[in-house]
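Letter by letter, the sequence shown follows residues 1 to 178 in the UniProt record's numbering. Below: the structure, in structure tokens.
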Amino acid sequence: MTSNFQGIVLAFAFILLLGNSGILTTLGEKWNLAVLNNYDLYTTSGILITFIYFQIPLATLLLYPSFDGIKTEYKEAASLMNATAWQFWTKIGLPLVLPSIFGTFSVLFSNALAAYATPYALLGNNYALLPIRISSMFTGDVVQQVELGSALSIVMLVLMSTMTVLSNSLLKKFRKGV
């Protein structure tokens, strides 16, 4: 259910845990843990941790059926032929799950590229993420720059479309076994 725990709620949860006066940060100062004591949530590493937090459960949900679909008969047959675990995964397991891995990567890329609420709640306009820049062009601090916001939206559309086309072509290639 953590894949539904994103956006503003996720940002506030991380602020409560790892913010300047967060619970873990305060404990890090009290117990003199350098990792927590010097941690700054409002940087690239903070965004990375929050993105990882909501991307891993989504990836797990998308990949679980694929890994569950590997039949025990395949493992038994490989075992009867004296195949090692490495040989099983490189010759049988990975080719079976590779299309799902490509599809999952495409979904996760699109999800991360379009994420707006979490980074904005953590960093405001102080970080150059594409969705935040697009939004700031349309709302404008002093003057709106609708034409620049529209151009950045096209860049985002091209990025997403390119990734989707690439993912679909890889899916077709690996499903056919070519």
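Each residue gets a CB set at the ideal place from its N, CA and C atoms; glycine is no exception. Since this is a predicted model, take the numbers as computed values, not measurements.
Q: Can you tell me which of the three DSSP states Met137 falls into?
A: On the sequence shown, position 137 is the one that residue 137 refers to. Met137: helix per DSSP, three-state reduction.
Q: Could you name the residues of the same chain whose beta carbon sits closer than 7 Å to that of Asn125, not counting the 5 residues immediately before and after it, in chain order?
A: For the purposes of this step, residue 125 is taken as residue 125 along the sequence shown, with counting starting at 1. Closer than 7 Å at the Cβ level, and outside the excluded window around Asn125, lie Ile132 and Ser136.
Q. For Ile15, is the beta carbon positioned less than 7 Å from some heavy atom of the ligand HEM?
A. This structure does not include the ligand HEM; it has no bound ligands of any sort.
**Q.** Selected residue, minimal CA-CA separation from Thr50, among Ala115, Leu62 and Lys71
**A.** As a working note, residue 50 is residue 50 in the sequence shown. It is Ala115 whose Cα lies nearest to the Cα of Thr50.
Q: Please list, in chain order, all residues of the same chain as Lys91 whose beta carbon is under 6 Å from its beta carbon, the five residues on each side excluded.
A: In the sequence shown, residue 91 corresponds to position 91, counting from 1. Here the set comprises nothing.
Q | Residues near Thr104 in its chain [Cβ-Cβ closer than 6 Å; skip 5 each side] | A | Taking the first residue of the sequence shown as 1, we reach residue 104 at position 104. Same-chain partners within the cutoff: Ala59, Leu62 and Leu63.
Q) If you drop the 5 nearest sequence neighbours on each side, which residues of the same chain put their C-beta closer than 6 Å to that of Gly149? A) Translated into the one-based positions of the sequence shown, residue 149 becomes position 149. Ile134, Met137 and Phe138, listed in sequence order.
(Q) Under 8 Å: do the region 94-104 and the region 157-176 share three or more Cβ pairs, one atom per stretch? (A) yes
Q.
As a quick exercise: from Tyr120, Leu152 and Leu108, pick the residue whose alpha carbon is nearest that of Met163.
A. Sequence index remark: in the sequence shown, residue 163 carries index 163 (1-based). Met163 has its Cα closest to that of Leu108, out of Tyr120, Leu152 and Leu108.
Q: Would you grab the beta carbon distance between Gly46 and Leu122 for me? Rounded to a whole angstrom, and I think it's under 8 Å.
A: Here residue 46 is taken as the residue at index 46 of the sequence shown, counted from 1. Here residue 122 is taken as the residue at index 122 of the sequence shown, counted from 1. About 6 Å separates the two Cβ atoms, so the contact holds.
(Q) Distance check for Phe67 and Ile8, CA to CA, integer angstroms please. (A) Reading the sequence shown from its first residue, position 8 is the one you call residue 8. Reading the sequence shown from its first residue, position 67 is the one you call residue 67. Using only the alpha carbons, I get a separation of about 32 Å.
Q) In the structure shown, what three-state DSSP assignment does Met160 receive? A) In the sequence shown, the residue the question calls residue 160 occupies position 160. Met160: helix per DSSP, three-state reduction.
Q.
Please give the ranges of any alpha helix (DSSP H) in the region 61-140, keeping only runs that are unbroken, at least 4 residues long and fully inside the region.
A. 72-80, 85-88, 94-114, 117-123 and 130-139
Q.
Does the region 31-43 come into contact with the region 12-22, if we say contact requires no fewer than three beta-carbon pairs (one atom in each stretch) closer than 8 Å?
A. yes
(Q) Just verifying my parser: in three-state terms, what is the DSSP assignment at Asn32? (A) Within the sequence shown, residue 32 is the residue found at index 32, counting from 1. In the structure shown, Asn32 sits in coil (DSSP, three-state: anything other than H, G, I, E or B).
Q.
Could you check whether Leu170 and Phe102 sit closer than 8 Å to each other, using their CB atoms as the reference points?
A. Here residue 102 refers to the residue found at position 102 when the sequence shown is read from its first residue. Here residue 170 refers to the residue found at position 170 when the sequence shown is read from its first residue. Contact: yes.
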